[in-house]
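Number of protein chains: 2
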Amino acid sequence: MSAYRQFCPLALASETLTQRWMLLILRELCAGARRFSDIHRGVPGIRPTLLKKRLDTLEFAGIVARPTRGTGSSKPAYALTTAGEELRPVLAGIAGWGQRWARDVRDDDLDPGWLVWTMHRRLNTALMPQGRTVIQICFSDAPAHQRSFWLVCAEGDVEVCLKPPRFDVDLLVTSRVRALAEVWRGLRPLDSELRCGRIRVEGAPKMRRAFPSWLLLSPYASIERQV
Amino acid sequence: MSAYRQFCPLALASETLTQRWMLLILRELCAGARRFSDIHRGVPGIRPTLLKKRLDTLEFAGIVARPTRGTGSSKPAYALTTAGEELRPVLAGIAGWGQRWARDVRDDDLDPGWLVWTMHRRLNTALMPQGRTVIQICFSDAPAHQRSFWLVCAEGDVEVCLKPPRFDVDLLVTSRVRALAEVWRGLRPLDSELRCGRIRVEGAPKMRRAFPSWLLLSPYASIERQV
DNA sequence: CGGTATCCCCGTCGATACTG
DNA sequence: CAGTATCGACGGGGATACCG
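Sequences listed follow chains A and B, in order. The opening residue of the first sequence carries number 1 in this note's numbering; numbering runs sequentially from there. The opening residue of the second sequence carries number 1001 in this note's numbering; numbering runs sequentially from there.
Here it is as structure tokens:
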């Protein structure tokens, strides 16, 4: 993207921030992603080549730093600088506006894999039973290769598996993609979806009752949509 | 720009907002521009074709409305909807971040015409003498065709002229482009630039003394730069 | 003033394959 | 895991000219 040739602070900020994929990459970094592959999982549409290029641009702009660079450490990582941290409220502002006013989602936008990936960072593990909890999410209307996902929760950590883990499933959640996505977005309350059967939960009664408390929704779910 | 295919509110908002020129067009609308040519003067780099296309996109997205559309009125105008008004704090957030953290401006970015255009909306006409006040701005290092501009202030209204108006000049301000731009951006105080002669003001003593109070700076001038 | 029409270039991005 | 190399196509957008 060539520059705007204006010294307005909005124009200067835009040069970097409005490049394609940039805000989504920053969203992942704000959400705590540090490794290349984790950032990529949160922005699956981008090619690795381009992701690398964007990360280099962010580093050059002083928004991202690579703490381990040059240390020979085997764990490359990306981190937000102070300038990057200050983008948090900016992104929150854009997202908040999007929650209120952006277009409706199309079926195209409903990527089940991404839904699970973004959910996995917003599970209240503190309320889960001791030890390991395995939740299987089954999307009844998804193509075979992204029908089922497994969330393995242990010691406050949540891992997303695309194949059945070797552990027993404690809770099976079945739903169409859109139904769960709309709950996630705060457009419908979970309990009403459970009551009318659009989302079903199977497992031990204790687990089933606790499930709604585990599921933290999108950070913007509480902002009321205007359109 | 093709869509991101994510139902994240940030992604949905980005689809429209991160299109090239979009934020600058919205900046002009937020600043009060209503007519096509006024928007264009604030974003001189864009082609009319593309500007029209972007405005249509904004209208389609519900951010801009055309109150006179279909009325046969001869004064076409663009206006922000409620959704558009709610972008104000979002743009202010991005610009505020830019003021603190964006790259330094290059000589390329120092368009004198744009500086005058953006200044003309931030003149404190209430403090000016009754009747008409004409300020000539002369950029000593600018190419001939954008060396001089005239601000004609009358009845609370400020007009930018590229050619000498038929009225006498009350105040002549001479400066290099960068010097005035840096004052505008809040990087240096005006009075020190006046004292050291990097910016010179000629005219009746009363006018000369009043001038600094007329010149409101960039809305972001008071935000301290961090880099 | 407020746009259109047309042409064409070049940079961006996507696809695929490969590597330390 | 964390990228790199190479290639090709597309389309956004820049330039110029024109119109009601």
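Glycine is no exception: its CB is placed at the ideal position from the N, C-alpha and C atoms.
{"Query": "Give, in chain order, every residue of the stretch 1214 to 1227 of chain B whose Cβ lies closer than 8 Å to some Cβ of chain A.", "Result": "Ser1218, Tyr1220, Gln1226 and Val1227"}
{"Query": "Are the beta-carbon atoms of threonine 125 of chain A and glycine 156 of chain A separated by less than 8 Å?", "Result": "yes"}
{"Query": "Decide if the stretch 31 to 45 of chain A is in contact with the stretch 1054 to 1066 of chain B; the criterion is three or more beta carbon pairs, one per stretch, under 8 Å apart.", "Result": "no"}
{"Query": "At least one CB of chain A closer than 8 Å to the CB of tyrosine 1004 of chain B: is that the case?", "Result": "yes"}
{"Query": "Run through the stretch 1008 to 1086 of chain B for me and flag every whole alpha helix (DSSP H) of 4 or more residues, listed as ranges in chain order.", "Result": "1009 to 1017, 1022 to 1030, 1036 to 1042, 1048 to 1060 and 1082 to 1085"}
{"Query": "Does aspartate 108 of chain A come out as helix, strand or coil in the three-state DSSP assignment?", "Result": "helix"}
{"Query": "Please state the DSSP three-state secondary structure of aspartate 191 of chain A.", "Result": "helix"}
{"Query": "Once the 5 residues before and after valine 227 of chain A are set aside, which same chain residues still bring their CB inside 7 Å of it?", "Result": "Trp101"}
{"Query": "At a CB distance below 7 Å, what residues from the stretch 82 to 97 of chain A approach chain B? Give them in sequence order.", "Result": "Ala83, Glu86, Leu87, Pro89, Val90, Leu91, Gly93, Ile94, Ala95 and Trp97"}
{"Query": "What whole-angstrom Cβ distance do glutamine 1146 of chain B and tyrosine 1220 of chain B have, given they're in contact under 8 Å?", "Result": "Actually they do not touch by this definition, with Cβ atoms about 24 Å apart."}
{"Query": "List the residues of chain B whose Cβ lies closer than 7 Å to the Cβ of proline 9 of chain A, in chain order.", "Result": "Ala1095, Gly1098, Gln1099, Ala1102 and Tyr1220"}
{"Query": "Check whether chain A comes within 8 Å of serine 1014 of chain B, counting only Cβ atoms and requiring the distance to be less than that.", "Result": "yes"}
{"Query": "Between arginine 1198 of chain B and serine 1213 of chain B, is the Cβ-Cβ spacing less than 8 Å?", "Result": "no"}
{"Query": "For cysteine 153 of chain A, which residues from the same chain have a beta carbon less than 6 Å from its beta carbon, with the 5 sequence-adjacent residues on both sides left out?", "Result": "Thr125, Met128 and Thr133"}
{"Query": "Taking the straight line between their C-alpha atoms, what separation do you get for phenylalanine 1007 of chain B and aspartate 56 of chain A?", "Result": "26 Å"}
{"Query": "Could you list which residues in chain A have their beta carbon closer than 8 Å to that of valine 1105 of chain B, in chain order?", "Result": "Phe7 and Leu12"}
{"Query": "For phenylalanine 1149 of chain B, count neighbouring C-beta atoms within 10 Å of its own C-beta (all shown protein chains included) and say buried if the count is 16 or more, exposed if not.", "Result": "buried"}
{"Query": "Can the beta-carbon of leucine 1010 of chain B be found less than 8 Å from the beta-carbon of leucine 110 of chain A?", "Result": "no"}
{"Query": "Short check: CB of arginine 54 of chain A to CB of isoleucine 25 of chain A, under 8 Å?", "Result": "yes"}
{"Query": "Can you give the Cα-Cα distance for phenylalanine 1139 of chain B and aspartate 1170 of chain B, rounded to whole angstroms?", "Result": "17 Å"}
{"Query": "Using C-beta distances below 8 Å, list every residue in its chain close to histidine 40 of chain A, excluding the 5 sequence neighbours before and after it, in chain order.", "Result": "Ile46, Pro48 and Leu51"}
{"Query": "On the three-state DSSP scale, how would you describe arginine 1100 of chain B?", "Result": "helix"}
{"Query": "Examine chain B for any beta-carbon lying closer than 8 Å to the beta-carbon of glycine 113 of chain A, and answer yes or no.", "Result": "no"}
{"Query": "Kindly list the residues whose CB is nearer than 7 Å to the CB of glycine 264 of chain A, restricted to its own chain and excluding five residues on each side of it in sequence; keep chain order.", "Result": "No answer is possible for residue 264 of chain A: it lies beyond the span of chain A, which begins at 1 and ends at 227."}
{"Query": "Pull out every residue of the stretch 164 to 186 of chain A whose Cβ sits closer than 8 Å to any Cβ of chain B, in chain order.", "Result": "Ala181 and Arg185"}
{"Query": "Just curious, the beta strand (DSSP E) that arginine 132 of chain A is in, first and last residue?", "Result": "132 to 139"}
{"Query": "Using 8 Å as the threshold, is the C-beta distance between valine 158 of chain A and leucine 190 of chain A below it?", "Result": "no"}
{"Query": "Does any residue of chain B bring its CB to less than 8 Å from the CB of threonine 49 of chain A?", "Result": "no"}
{"Query": "Quick one: does glycine 1197 of chain B have its CB under 8 Å from some CB of chain A?", "Result": "no"}
{"Query": "State buried or exposed for leucine 162 of chain A, treating a residue as buried only when at least 16 other CB atoms are found within 10 Å of its CB.", "Result": "exposed"}
{"Query": "Among B:Asp1141, B:Arg1005 and B:Ala1003, which residue has its Cα nearest to the Cα of valine 1177 of chain B?", "Result": "B:Asp1141"}
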